[in-house]
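Enquirer: Dropping a structure here in structure tokens format, bear with me for questions.
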């Protein structure tokens, strides 16, 4: 039996009178590309922020390496984000007055990397993300795809244990979406654990474990082989399963 | 509806602007009210009490003098108010100077006041009682019921009178004048006059005299100085004159403190006006930028640009108008408080009247200035096109500055500043102006010194700790010097005589020194036997410059002297000259008891103890320090003013930071959230945010202090010249340079750090949802 690197038990989240997450139990495993699917308003993003410690939960626990991060202090949670977690948002949220290269390097500097390590790792990611031409530009001057690739690079510059991604292709056109999803697949093949929330079937195809969320509850789970390029069998399995879930 | 919505969304900005404009109106209206009310009150009271255009204190003059004066072509009439002069002792302390005893026979309508300076009903003055100036109360710590002993003759016991209350004297009541007046009953006055007249010349300590008020004809074309010269040259009045003052000089003395206070408040108002405009401009541009999408949407719905702009104009115009009116109303109460606080200095409570004819046009002009400024700053609303769905992200510049791990917080702050310079210009300007103003005020504080040393030195002929003037041969000066030596070794000693002279027919006091190197020479050379020193005031009054020749006369003898230089002595508002003993001996008598022995002690701190001992144990001497009665009151008010100005400056900084930091944080929430999501501690984010303010404010402060260092002394010197203080040099100082240089940036930094506290409280998800990047 595999050991979970991040476990959520009885996660509940209320916004005033409204309960968005109803006592969810979830485990994330090392090396998995976990995808949470669901319709808009099902609580996908809320679950991601609850699991990553970005937002406080109303009930339940989230355990990372044996420690309940919902009870961790602000300082401890910040350290966790700097060392173990990486985030990619729907909008790139790159820092507007830093070039793409500086955005990536800044994340390395905030984490434990030295000046030299951050610079070396940044250049490595610039190459890997195919950002050589755009790395010296400000986010406002590059394409959406380049900006989101830079955002992914920024999220993994410190080699996090888990990469959290909240609808990373939601604001991109199809071509740019494929580029970004290819990056995620590439990172996963290299051993990166990923939790991605999406309502895009193509994005979900990249995962090897798909969870379906409906009205704040996990209603189904599908395990697929690791993505290795377009595979009609995988695609039909996912489609059938999604139809079962009421997609 | 739009207005209500705008008012709700912008209540923080509106409150900040309201507070700044309120401070501006309160400060400016207080300055104008205190200045005008003070001038009106003192001038009115002088006129009511019968002070002339030119008032001369005389003794030993014949009764024919008045008729002689009224023969002078430009003299309308002259009145004579009899006086008695006598030394006095209160609560064991002897006065440095004679007191002036006024006859309360109803001829002069003195006002009676409470110890706080409030007007009271005129009482029947009973024999055995005396009424004093409220300023004396603070100087001698005298209260109603205490006894004042007046020394009239050596052979008789002093005349003791009980303090029954206070009265207002528009001149001798001021703490700026050493000689204090006392109002006594006709019975006591006549008895004391008889005692003086019956005493032999050797026995007499008191003397009879008079105040002669000389009024210039309404159609006289002469300037005040020329009128004074005509009176001196056409009559024998100079032979009997102890001292004399023009109406303008008396007003200057009486209004010294009010004018300094009003001047400082006025200068601060100018700084506040600039701050208001800078902050308002900054706030409006940020708000319009933030509301850009809403404005575009409203336009798409058919709302005109002018209509939307009208909402902003109405909101901020209304707030500014309200703040101006509230500031105006508050200023009248502040003015009354200030007037009450200054009673111990002025000796009378200036009557605060609402100077509507001046204040309303001033406030209307300021309102018009704000209206124009608002119109100009909101003009950009007209240019926003309808349906501008996406907020423009332009404005951040591509700049390359280092980002290093060790100095990441500072590097981030620097990058933000370099990328968004425009957003921080207002903060830098505010800091620069505040630092400049506080530095100038600090310079004044440094010059003033903890005990008023600046004023002491400015108003004294030469530096000294202790002065002893013997009035007869029986005074054992050797023994007195041994007593002084017992308190502290004497570093230097010299002698000073203050004698009445005329310079080119104009009456002045000659400060005669046996060692002329003690004069505070500002320009030229020290005087010798053939030359004199003059003050800036004399140079200006007589149109003299260094090298000119003048006729100096005393006791009927006259000599020609060259002006060797300019020197500093604000005594008599600068109406004095400096002479050497060799120079004065050519026209005046240097024998007799005219000399005051000045001592500079190794340990100046003991001077008050030495003075008290000498006053208690020796008769026939006048002992004084470099200070004068009432200086403590002036120093206290000035120091309090500096403290209050620092407090107001801190409030201004708080408001400026609240407005600037609030808007910046609001626009950067998304960015801050991203930094937090990357693992940057909220504390480091806050530090970096506050560092931006520290950097830009440090630059502004450095500029402000630099301007103050370059021009501050000249500016204050120019203002002080009107008080007879010819030189002002402070340069680098703790209060004028170091304190504002540290206080202004630190206050900005601390307030910015405090305002960024919400970064710590709010979750990243909330921050991300508050603002897009």
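Residue numbers (our numbering), protein chains in the order written: chain S, 9 to 255; chain X, 339 to 1111.
We put the CB at the ideal spot given by N, CA and C, even for glycine.
Does residue 834 of chain X come out as helix, strand or coil in the three-state DSSP assignment?
Expert: The answer is strand: DSSP assigns residue 834 of chain X an E or B state.
Enquirer: Which value, in whole angstroms, describes the spacing of the CA atoms of residue 224 of chain S and residue 739 of chain X?
Expert: The alpha-carbon atoms of residue 224 of chain S and residue 739 of chain X are separated by roughly 46 Å.
Enquirer: May I have a chain-ordered list of the alpha helix (DSSP H) segments no shorter than 4 residues that lie completely inside the stretch 528–593 of chain X?
Expert: List check, alpha helix (DSSP H) in window: 562–572, 575–578, 585–592.
Enquirer: Starting from residue 872 of chain X, follow its DSSP beta bridges and name the residues at the other end.
Expert: DSSP lists X:904, X:915 as partners of residue 872 of chain X.
Enquirer: When burial is assigned at 16 or more other CB atoms within 10 Å of the CB, is residue 26 of chain S buried or exposed?
Expert: Exposed: under 16 other Cβ atoms inside 10 Å.
Enquirer: Assuming the contact rule is C-beta atoms closer than 8 Å, residue 683 of chain X and residue 975 of chain X should be a hit. Round their C-beta distance to whole Å, please.
Expert: Between residue 975 of chain X and residue 683 of chain X the Cβ distance is about 7 Å, and since that is below 8 Å, they are a contact.
Enquirer: Restricting to Cα atoms, I'd like to know which of X:350, X:386, X:645, X:685 is closest to residue 469 of chain X.
Expert: It is X:685 whose Cα lies nearest to the Cα of residue 469 of chain X.
Enquirer: I'd like to know whether the C-beta atoms of residue 558 of chain X and residue 412 of chain X end up nearer to each other than 8 Å.
Expert: Closer than 8 Å, so yes.
Enquirer: Pull out every residue of the stretch 1013–1043 of chain X whose Cβ sits closer than 9 Å to any Cβ of chain S, in chain order.
Expert: Hits within the stretch, in order: 1013, 1014, 1015, 1016, 1017, 1018, 1019, 1020, 1021, 1022.
Enquirer: Under three-state DSSP, which class holds residue 820 of chain X?
Expert: Looking at residue 820 of chain X - three-state DSSP - the assignment turns out to be helix.
Enquirer: Just the C-alpha distance for residue 193 of chain S and residue 131 of chain S, rounded to the nearest angstrom, thanks.
Expert: Going from the Cα of residue 193 of chain S to the Cα of residue 131 of chain S covers about 20 Å.
Enquirer: Quick check: what's the CA-CA separation for residue 722 of chain X versus residue 213 of chain S?
Expert: If I take the Cα positions, the gap works out to 45 Å.
Enquirer: Report the option in X:816, X:450, X:743, X:941 whose CA atom is closest to the CA atom of residue 459 of chain X.
Expert: Closest option to residue 459 of chain X, Cα to Cα, is X:450.
Enquirer: Give the secondary structure of residue 67 of chain S by DSSP, where H, G and I count as helix, E and B as strand, and everything else as coil.
Expert: Residue 67 of chain S: strand per DSSP, three-state reduction.
Enquirer: Per DSSP, which residues does residue 856 of chain X bridge with? Please list them.
Expert: In DSSP, residue 856 of chain X forms no bridge with anything.
Enquirer: Please list the terminal residues of the continuous alpha helix (DSSP H) segment that includes residue 1039 of chain X.
Expert: Residues 1020–1045.
Enquirer: Which residues of chain S have a Cβ atom closer than 7 Å to the Cβ of residue 757 of chain X, listed in chain order?
Expert: Ordered by position in chain S, the residues that pass the 7 Å Cβ test against residue 757 of chain X are 105.
Enquirer: What alpha helix (DSSP H) runs, 4 residues minimum, are completely inside the stretch 921–1001 of chain X?
Expert: Here the runs fully enclosed are 945–955.
Enquirer: What residues in its chain sit with their C-beta under 6 Å from that of residue 1073 of chain X, if we drop five residues either side in the sequence?
Expert: These residues qualify, in order along the chain: 780, 783, 784.
Enquirer: At the 8 Å Cβ level, is residue 1097 of chain X part of the contact set with chain S, yes or no?
Expert: Taking Cβ atoms only, chain S never reaches closer than 8 Å to residue 1097 of chain X, which makes this a no.
Enquirer: How long is the line joining the alpha carbons of residue 589 of chain X and residue 381 of chain X, rounded to whole angstroms?
Expert: Answer to the nearest angstrom: the Cα atoms are 7 Å apart.
Enquirer: For residue 17 of chain S, does the three-state DSSP call read helix, strand or coil?
Expert: Here residue 17 of chain S sits in strand by DSSP.
Enquirer: For residue 75 of chain S, return the contacting residues in chain X, with the cut-off set at a CB-CB distance below 8 Å.
Expert: In chain order: nothing, as chain X lies at least about 16 Å away.
Enquirer: By Cβ distance, which residues of its chain are closer than 6 Å to residue 578 of chain X, with the 5 residues on each side in sequence left out?
Expert: So the qualifying residues of the chain are 396, 398, 399.
Enquirer: On the DSSP bridge list, what partners appear for residue 1086 of chain X?
Expert: Paired residue(s): none; residue 1086 of chain X is not in a bridge.
Enquirer: Just verifying my parser: in three-state terms, what is the DSSP assignment at residue 896 of chain X?
Expert: The answer is strand: DSSP assigns residue 896 of chain X an E or B state.
Enquirer: Taking buried to mean at least 16 other C-beta atoms within 10 Å of its own C-beta, is residue 695 of chain X buried or exposed?
Expert: With fewer than 16 Cβ atoms within 10 Å of its Cβ, residue 695 of chain X is classed as exposed.
Enquirer: Per the DSSP calculation, residue 170 of chain S is bridged to which residue(s)?
Expert: Paired residues: S:93, S:201.
Enquirer: Secondary structure at residue 401 of chain X, three-state DSSP: helix, strand or coil?
Expert: Three-state result, residue 401 of chain X: coil.
Enquirer: Using a C-beta cutoff of 8 Å, does residue 624 of chain X count as contacting chain S?
Expert: It does not; no Cβ of chain S falls within 8 Å.
Enquirer: In or out: residue 156 of chain S buried (at least 16 other Cβ within 10 Å) or exposed?
Expert: Answer is buried; the Cβ neighbour count reaches 16.
Enquirer: Evaluate residue 166 of chain S with the Cβ neighbour count: other Cβ atoms within 10 Å of its Cβ, from every protein chain shown; 16 or more gives buried, anything less gives exposed.
Expert: Residue 166 of chain S comes out buried.
Enquirer: Starting from residue 437 of chain X, follow the beta strand (DSSP E) in both directions and report where the run begins and ends.
Expert: From DSSP, the beta strand (DSSP E) with residue 437 of chain X extends over 437–442.
Enquirer: Please list, in chain order, all residues of the same chain as residue 947 of chain X whose beta carbon is under 8 Å from its beta carbon, the five residues on each side excluded.
Expert: Only 825 meet the Cβ criterion.
Enquirer: DSSP has residue 504 of chain X in a bridge; who is on the other side?
Expert: Bridge partners of residue 504 of chain X: X:451, X:470.
Enquirer: Between residue 29 of chain S and residue 20 of chain S, is the Cβ-Cβ spacing less than 8 Å?
Expert: Yes, the pair counts as a contact, with Cβ atoms nearer than the cut-off.
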